[in-house]
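As numbered in this note's numbering, residues 12 to 495 make up the sequence shown, in order.
Data first, discussion second: the structure below is written as structure tokens.
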Amino acid sequence: MQFLNPLYLIALAAAAIPIILHLLNLRKTRVIEFSTLSFLKELQRSKIRKLKLKQWLLLALRTLIIIFVVLAFTRPALQSGFGFLPGTAAKSSVVIVLDNSFSTLVSDEHGQLLKQAKKKAAELLDLMQGGDEAALILTTDPEAAREFTVALAAVRSDINDLEVSYAHGDYRAALTAASALLAESDNFNKEVYIITDRQRSQFVTDNLTPQELFDNSVRVFSLPLGSKAPANTALVETELRNAIFENGKPVDLAATVRNLGETPLSGAIVSVFLGGERVAQKSIDVAAGGTQNVEFTVLPKSAGWIDGFVELEDDDLPEDNRRYFGFYIPETLNILLGPTGGKDASLLALALDPVAATSGSPAAQADNMEETNILPGSFTVDMADRGSLLSANLSRYNVVVLLGAQSLSDAFTQRLVSWVREGGSLLLFPDANGNVEEWSTQFLPQFGFPPAAGSTGALDNTSSFVTFGDIDFDHPLFVNMFDT
């Protein structure tokens, strides 16, 4: 006979306790002879023999109770019958539910948890006899539940080839799959062995019990991994706060740190890396089971695609200590502005480059421009009349600024719609003298916008005006705009 918990056999020594107590309670009676009572001696001997028999029977029962209780804790498993009765062995159907989530990468004094899990699973296969069948179900992929097989070597090979999975473990789904397999089995012995590191996050409910999924014919055993809860802190989220990324401007980001361990974390270092170089770090404290938000402001050294990551210092499970992010900073924004030929174009040229516009540069003469202008800062602006606008290669531009949408050809409008859907940005300034109803009902709906509700005011009305009310300077459009 073999046992899953052979260490409990040491407790068999407790079976000697009733015997010791019996011997301690034995008392030697004092013999006093009475000549007139000699006829009672034979009756006394008869009663003592009966009393001793009862005592020995009671002693044997007490000893056997202790022995059987100890044997129950040793959990004898997979009994296949008696060797002297060939053909009477009861076959077993065994489901091994094994946790290979990335939390099993943790190591303790006995080694890595995944290796311990694989060893326990192999020991279970060693206990099985010929004709028994087994199935392996992974908590990280319960839908790929395998059928029962008597080829235990194949199951052993699957166990040896197991790797850590970064998928979330789902014990309810795994046990449901085990229940479905066992329901189709005709074997007398049906057993489920759950090899787990007891991560609470993998259980969808704390009230999950075997009785919910298995009938009384199925025995469920739990084989825990790890001697203590790991000290683990994880980066659960990173967030880029900027809506607009500009060359030479700072980038704000936030990280959320969660302490998954049972002890408080003090003085943990959180670092930010851009292009493999550490650019910021902070020290934080996180209570056991708590979370802490950390905010950083970093300044990229160049434009283009920027890759980075936030990292915690190492702990028992370093795999969840890093989260990556990336963003794109354009060297310049290529802007197509048109059609030119009116006062509106002059005003926009002044807004884009007030220095050049007021110094008599080509930007100030936008009404007559058709060539490309390189403006100081982050903008490259092409001013186009109607003909140049309709034939422009939109793929060269990040932004198209339309000064009214009147008289645009259907072909150009369709090209503009496709360009916007592919990521281009469109800024529309209705023509002050244009037909509002035309662009509102014919142009805007092609981009998925509802028609405009109407227009107010008149160009020749000087008796009333509109002013700005409250301004949200934290809006992405205004961030850093007014910094000196």
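Positions of the beta carbon are idealized from the N, C-alpha and C atoms, including for glycine.
Item	Value
Selection from 428, 292, 256 that minimises the alpha carbon distance to residue 266	292
Cβ contact check for the segment 156-173 and the segment 219-237: 3 or more pairs under 8 Å	no
Those residues which DSSP pairs with residue 308 across a bridge	263
Contacts around residue 163, its chain only, beta-carbon distance under 7 Å, and the 5 residues preceding and following it disregarded	136, 139, 145
Boundaries (first-last residue) of the alpha helix (DSSP H) holding residue 284	Run containing residue 284: none in the alpha helix (DSSP H); it sits in the beta strand (DSSP E), 276-285.
Residue closest to residue 242, alpha-carbon to alpha-carbon, out of 418, 178, 441, 324	324
beta-carbon residue 343 near the ligand ZN non-hydrogen atom, thresh 8 Å	This structure lacks the ligand ZN; in fact it carries no ligand of any kind.
Sequence-distant residues of its chain with Cβ nearer than 8 Å to residue 113 (five each side left out)	175, 176, 177, 328, 330, 331
Contact the segment 115-125 vs the segment 185-198: 3+ CB pairs below 8 Å	no
Entirely enclosed alpha helix (DSSP H) segments - the segment 154-189, minimum 4 residues	163-171
DSSP bridge partner residues for residue 202 (one or two, in chain order)	105, 230
Assumed close pair residue 207, residue 110 - CB separation to whole angstroms, cut-off 8 Å	5 Å
C-beta atoms of residue 149 and residue 108 nearer than 9 Å	yes
Residue 422 vs residue 350 beta-carbon contact at 9 Å	no
Residue 500 - partner residues in DSSP beta bridges	Since the first and last residues shown for the chain are 12 and 495, residue 500 lies out of range.
Reference residue 397, options 433, 431, 356, closest by Cα	356
Reference residue 257, options 297, 268, 341, 183, closest by Cα	341
C-alpha distance - residue 64 paired with residue 72, whole-angstrom precision	12 Å
Start-to-end residues for the beta strand (DSSP E) that takes in residue 292	288-297
C-beta atoms of residue 272 and residue 299 nearer than 9 Å	yes
Sequence-distant residues of its chain with Cβ nearer than 8 Å to residue 440 (five each side left out)	355, 359, 412, 413, 414, 415
Residue 393 to residue 405 span [Cα, whole Å]	11 Å
Span of the alpha helix (DSSP H), counted from its first residue to its last, around residue 426	421-432
8 Å contact criterion, which residue 294 and residue 322 should meet: CB distance rounded	Contact flag wrong, Cβ pair sits at about 14 Å.
Spatial distance of residue 483 from residue 222 (CA atoms)	59 Å
Local conformation of residue 452 per DSSP, three classes	helix
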